[in-house]
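K.L.:
Dumping the structure here so I can ask a few things about it.
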Amino acid sequence: MLILFFVTSSLLSHYREGEKRWLAEKFAKGHRRDWGQVLANGGFGAFLALLWFFWREGLLFAAFLGSMAAVSADTWATELGVLSPQPPRLITTGKVVPVGTSGGVTIL
Numbered sequence: 007m008l009i010l011f012f013v014t015s016s017l018l019s020h021y022r023e024g025e026k027r028w029l030a031e032k033f034a035k036g037h038r039r040d041w042g043q044v045l046a047n048g049g050f051g052a053f054l055a056l057l058w059f060f061w062r063e064g065l066l067f068a069a070f071l072g073s074m075a076a077v078s079a080d081t082w083a084t085e086l087g088v089l090s091p092q093p094p095r096l097i098t099t100g101k102v103v104p105v106g107t108s109g110g111v112t113i114l
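With my numbering as the guide, the letters of the sequence shown map in order to residues 7 to 114.
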């Protein structure tokens, strides 16, 4: 699951990369992932997988799957959401916000 997350996320970051490149300047880190982002997204899942290797506890496996589901949804939504033809809306108020705003969501 961890490998699948990294592979699919990497593929999606390159999907229509030219159309997303203009947005990279809005983010402090650009469009490439650094080790901090990799650890933030996959570190906890890797830690849970390591724990599960030693203690085959069902709850650890469930937590690992939940962690991977959350970071996959966040990463995939970011990579695809910036391609939406409609502007994002803030999830809390519904107001239109600039592309790349935290909490901004689109139908896509």
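C-beta atoms are modelled at their ideal positions from N, C-alpha and C, and glycine is treated no differently.
Treat the numbers as computed from the prediction; the structure is a model and nothing was measured.
(1) Give me the Cα-Cα distance between T7 and E85, rounded to the nearest whole angstrom.
(2) Can you list, in chain order, the residues of its chain whose CB lies under 6 Å from that of L81, leaving out five sequence neighbours each side?
(3) Decide if K101 is buried, meaning its Cβ has at least 16 other Cβ atoms within 10 Å, or exposed.
(4) Looking at the strands, I want to know which residues DSSP matches up with G110.
(5) Any chance the region 86-98 sits against the region 59-66, with 3 or more Cβ pairs inside 8 Å?
(6) Using only CA atoms, which one of W61, T98, S73 and R62 lies nearest to G2?
P.N.:
On the basis of the coordinates in this document:
(1) Here residue 7 turns out to be Met, not Thr, going by the sequence shown. Distance between the alpha carbons of M7 and E85 is about 19 Å.
(2) The displayed chain sequence assigns Thr, not Leu, to residue 81. If we look at T81 and ignore the five residues flanking it on each side, its Cβ neighbours are S15.
(3) exposed
(4) L96
(5) no
(6) Because residue 2 is not part of the residues shown, which for the chain are 7 to 114, the question remains open.
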